[in-house]
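There are 2 protein chains.
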Amino acid sequence: MAMLKDVKILDLTRLLPGPYCTWILSKLGADVIKVENPNMGDYSRGSPLYELINVGKKSLTLNLKKNSGKKILLDLVSQSDVLVEGFRPGVIDKLGLGYDVLKEHNKRIIVCSISGYGQTGPYRDIAGHDINYISISGLLGINRTSESPMLPALQIGDLGGGFGALSILANLYRREIDGEGEYIDVSMTDVVGSLFNIAYQGLLAETFSGGLLPCCNIYKTKDEKFVSIGAIEAKFWNNFCISIGRDDLIKAQYDSSAMEEIKRIFSEKTREEWIKMFKEVDATLTPVYSPEEVFSDPQVMSRKVFDQGKKLLNFPVKFLRISTKDDRKAPNLGENTSEILKGLGYGEDEIKNLRIEKVV
Amino acid sequence: MAMLKDVKILDLTRLLPGPYCTWILSKLGADVIKVENPNMGDYSRGSPLYELINVGKKSLTLNLKKNSGKKILLDLVSQSDVLVEGFRPGVIDKLGLGYDVLKEHNKRIIVCSISGYGQTGPYRDIAGHDINYISISGLLGINRTSESPMLPALQIGDLGGGFGALSILANLYRREIDGEGEYIDVSMTDVVGSLFNIAYQGLLAETFSGGLLPCCNIYKTKDEKFVSIGAIEAKFWNNFCISIGRDDLIKAQYDSSAMEEIKRIFSEKTREEWIKMFKEVDATLTPVYSPEEVFSDPQVMSRKVFDQGKKLLNFPVKFLRISTKDDRKAPNLGENTSEILKGLGYGEDEIKNLRIEKVV
Chain A
1 MAMLKDVKIL DLTRLLPGPY CTWILSKLGA DVIKVENPNM GDYSRGSPLY
51 ELINVGKKSL TLNLKKNSGK KILLDLVSQS DVLVEGFRPG VIDKLGLGYD
101 VLKEHNKRII VCSISGYGQT GPYRDIAGHD INYISISGLL GINRTSESPM
151 LPALQIGDLG GGFGALSILA NLYRREIDGE GEYIDVSMTD VVGSLFNIAY
201 QGLLAETFSG GLLPCCNIYK TKDEKFVSIG AIEAKFWNNF CISIGRDDLI
251 KAQYDSSAME EIKRIFSEKT REEWIKMFKE VDATLTPVYS PEEVFSDPQV
301 MSRKVFDQGK KLLNFPVKFL RISTKDDRKA PNLGENTSEI LKGLGYGEDE
351 IKNLRIEKVV
Chain B
1001 MAMLKDVKIL DLTRLLPGPY CTWILSKLGA DVIKVENPNM GDYSRGSPLY
1051 ELINVGKKSL TLNLKKNSGK KILLDLVSQS DVLVEGFRPG VIDKLGLGYD
1101 VLKEHNKRII VCSISGYGQT GPYRDIAGHD INYISISGLL GINRTSESPM
1151 LPALQIGDLG GGFGALSILA NLYRREIDGE GEYIDVSMTD VVGSLFNIAY
1201 QGLLAETFSG GLLPCCNIYK TKDEKFVSIG AIEAKFWNNF CISIGRDDLI
1251 KAQYDSSAME EIKRIFSEKT REEWIKMFKE VDATLTPVYS PEEVFSDPQV
1301 MSRKVFDQGK KLLNFPVKFL RISTKDDRKA PNLGENTSEI LKGLGYGEDE
1351 IKNLRIEKVV
């Protein structure tokens, strides 16, 4: 069986943070229904990202400002385990669909709100995006060159939505034991703040300071590519120095004054020559791949990190007994509206009327 | 009740990836025992990072190479829900403590292995660190200046251990239903590969391309500090342009040829002046904080992201009914050895002998 077999999730979110949260749960076997505005569904539709994190979900269009739309949502809530929403704090309450209302319809419902700054505090009503959340939580300030903070390649704030999935899982487990629902308040700024402090405390501790040390760094090769080395332990650095015939550098493992010499050494061979030379040596030397190279790396292919061809994402963790294989597609806007409404007992004519009234 | 009340976890890991995984579970209420080598426990002890991610755990020293040490571990396994290990693939099997052996002692045990490249594939036996996993999985290749890939501030590979916690939670839930244990294989490279592809597909889609656009960027202020703006939506950018009296720039939201002019505008006021000016305007303008500033931000303080003073980490998600507050400390090496052995029925003399024989 799947891990989340028969777990029903209503997803009122769009773009990256909420859909990433429910992507995780969907891959673990939950049934996820995207509840989308009939006029404008998830804005990310059309981008490759949409396909990536919406595979396997269903789409129901629903106008939550109309009473008939609210009624349908509440009918679904009474049959669901989890509702995830990503509106600005307070919006769902104004719609008359706050946690207090939802739990009247289903006392076991687990509601997860994902927002930029959280449901409380002085910034709760302020709009923002990933770049803002990582500014406030300190990550952007430490992700920098000598001149300027630099936007990380990863939208780590948005991906903080993953902590929503983790918190939902913890509460699904607990609910099996005590039968109670819960309200979960995920602030992307809080999540990044937590990650920031791990990085920052690591930077403060000399032993973890990467980046500026000969033994843990990125080096340019003869062919203008790059290799990385992570030889934090003496044995790996010794192996490296001995292999290049430079035992004299063993003592320079953490000595940044040796950096220029080591840069020079790396510039003498191509990336491929370096990788070939260290294929059988335990010295933590790896190629720094350009994006397209990743997809053909033998380990990445062997582990099926990506669904080759479509470049979709498989669930990034493997289980011995349980498969997370998933060949489903991302839904078109409203693709499953009729099917879901029929499941609630609506007839063809009623559904037609709901369409005419622009409820669905 | 805590979410993971009475969930017992044995943690055979060290440094960041495994301890981060079990930190999450500990914060959610699980009992975590660090099982450490008596001669050399978790190497990170002494660094601020150790305190941060080991609060609330217990420490048992145990020599797993001795039969009497293995016996104690197996006795604990029979009473535990989860075992997490982070040795190089194959090591735990060589110790005679692989999943097959563990499940003979407890068929409900959930075992999670966290490794750099995974338990399978051509790189399984290769040593590495965070820098290597992010090289292979593509993240380092896209986290770059025009000159070179740049090590991200966040050890995102190591933090991939968090997916171990998520997978353990999913299996704890499932186990309540089907009663079966599971073996979980977390590869940090796989996890980062998955995150990389989300970032990469986002980069490929114009609408998500941050960093190079006037409306979503980092700007230097008059006092050599920085602000960030995330005005991806027209309304926020319009608010920005109107507020600075430059309606002519409204059309330049996504026009990088306007960048120099916007840089010049930002250089005319201090960071504080900018923030004050936009305090009441919905334009997604935020200060880029230096690390120490984060701890005194009003939102961060209001949300109690950090345990102020000690700068420890609170669990980054809030729950309505359930508290994750935790005032416990990180354990000294072997601090709980006697207590744990007594719980297994060992007497004072037996414990003394185990110490003399260097088993614990």
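Chains as they are written, first to last, in our numbering: chain A, 1 to 360; chain B, 1001 to 1360.
Glycine included, every Cβ here is placed at the ideal spot set by N, Cα and C.
Would residue i pass as an interface residue toward chain A - the criterion being a Cβ-Cβ separation below 8 angstroms?
| i | result |
| --- | --- |
| B/K1220 | yes |
| B/P1375 | It is not possible to answer for residue 1375 of chain B, since the shown part of chain B is limited to 1001 through 1360. |
| B/Q1417 | The question about residue 1417 of chain B has no answer here: the residues shown for chain B are numbered 1001 through 1360. |
| B/F1240 | no |
| B/C1021 | no |
| B/G1210 | Unreliable placement is indicated for B/G1210, whose pLDDT of 46 sits below 50; the coordinate value is still reported in the next sentence. Taking Cβ atoms only, chain A reaches closer than 8 angstroms to B/G1210, which makes this a yes. |
| B/I1136 | yes |
| B/P1089 | no |
| B/Q1299 | yes |
| B/G1118 | yes |
| B/K1269 | no |
| B/P1331 | no |
Quick check on residue i - is its C-beta less than 8 angstroms from some C-beta in chain B?
| i | result |
| --- | --- |
| A/V305 | yes |
| A/Q201 | yes |
| A/T243 | Residue identity check: residue 243 of chain A is Ser in the sequence provided, not Thr. Taking Cβ atoms only, chain B never reaches closer than 8 angstroms to A/S243, which makes this a no. |
| A/Y123 | yes |
| A/N39 | no |
| A/N171 | yes |
| A/I265 | no |
| A/Y346 | no |
| A/Q155 | yes |
| A/V32 | no |
| A/T207 | Below a pLDDT of 50, predicted positions are generally treated as unreliable, and A/T207, at 46, falls in that range; the measurement from the model is reported next regardless. Output row for A/T207: interface = yes. |
| A/L102 | no |
| A/Y289 | yes |
| A/T284 | yes |
CA-CA distance, residue i and residue j?
| i | j | result |
| --- | --- | --- |
| B/Y1346 | B/E1339 | 10 angstroms |
| B/E1224 | B/K1269 | 10 angstroms |
| A/I53 | A/K70 | 26 angstroms |
| A/D93 | B/K1325 | 27 angstroms |
| B/N1332 | B/T1061 | 10 angstroms |
| B/Q1079 | A/L341 | 47 angstroms |
| A/D327 | A/M40 | 26 angstroms |
Report the residue from the options whose alpha carbon sits nearest the alpha carbon of residue i.
| i | options | result |
| --- | --- | --- |
| B/R1174 | A/K342, A/N332 and A/L25 | A/L25 |
| A/C112 | B/K1318, B/E1272, B/V1360 and B/V1294 | B/K1318 |
| A/S323 | B/D1185, B/W1023 and B/M1150 | B/D1185 |
| B/E1273 | B/L1015, B/F1226 and B/N1063 | B/F1226 |
| B/P945 | A/G96, A/L102, A/D158 and A/I218 | Residue numbering for chain B in the displayed model covers 1001 to 1360; residue 945 of chain B lies beyond these limits and cannot be assessed. |
| B/T1284 | A/L64, A/W23, A/V101 and A/H129 | A/H129 |
| A/L320 | B/K1027, B/L1076, B/G1018 and B/K1103 | B/K1103 |
| A/K65 | A/E36, A/F315 and A/S47 | A/E36 |
| A/S47 | B/S1267, B/I1351, B/Q1201 and B/V1281 | B/Q1201 |
| A/E182 | A/T189, A/A170 and A/M188 | A/A170 |
| B/I1168 | B/G1179, B/I1114, B/S1187 and B/I1110 | B/I1110 |
| A/R271 | A/I198, A/I114, A/K222 and A/D75 | A/K222 |
| A/S228 | B/I1356, B/S1137 and B/H1105 | B/S1137 |
Ignore the nearest five residues each way along the sequence and tell me which others in residue i's own chain have a CB closer than 6 angstroms to its CB.
| i | result |
| --- | --- |
| B/N1132 | none |
| A/A30 | L4, V7 and I9 |
| B/D1011 | T1022, V1032, K1034 and V1084 |
| B/N1238 | I1250 |
| B/L1313 | L1052 |
| A/L139 | V192 and F196 |
| B/N1106 | V1077 and S1078 |
Can you name, in chain order, every residue of its own chain whose Cβ lies under 7 angstroms from the Cβ of residue i, other than the five neighbours on each side?
| i | result |
| --- | --- |
| A/K251 | none |
| B/T1207 | Model confidence at B/T1207 stands at a pLDDT of 46, short of 50, so the residue's coordinates are unreliable; what they give is reported in the following sentence. Counting only Cβ-Cβ distances below 7 angstroms, and skipping sequence neighbours, we find nothing. |
| A/S209 | Only weak support exists for where A/S209 lies, its pLDDT of 45 falling under 50; the value from the coordinates is given anyway. If we look at A/S209 and ignore the five residues flanking it on each side, its Cβ neighbours are L203. |
| A/Y50 | D42, S44 and A330 |
| A/A258 | P214, L249 and A252 |
Between which residues of its own chain and residue i is the CB-CB distance below 8 angstroms, once the five residues before and five after are set aside?
| i | result |
| --- | --- |
| B/R1144 | M1150 |
| B/N1043 | The amino acid occupying residue 1043 of chain B in the given sequence is Tyr; Asn does not appear at that position. Counting only Cβ-Cβ distances below 8 angstroms, and skipping sequence neighbours, we find R1014 and L1015. |
| A/K304 | N314 |
| A/V82 | V7, K8, I9, L10, L25, A30, I109, I110, V111, C112, I168 and L172 |
Regarding residue i and the ligand SAH, is the C-beta to nearest heavy atom distance less than 7 angstroms?
| i | result |
| --- | --- |
| B/A1199 | As for the ligand SAH, it is missing from this structure, which has no ligand bound. |
Meets three-Cβ-pair contact criterion under 8 angstroms: the segment 80-94 of chain A and the segment 42-59 of chain A = no
ask   = Are there three or more Cβ pairs, one per stretch, closer than 8 angstroms when the segment 1121-1135 of chain B is compared with the segment 118-128 of chain A?
value = no
query = Can at least three beta-carbon pairs, one atom from the segment 285-293 of chain A and one from the segment 1156-1163 of chain B, be found at a separation below 8 angstroms?
reply = no
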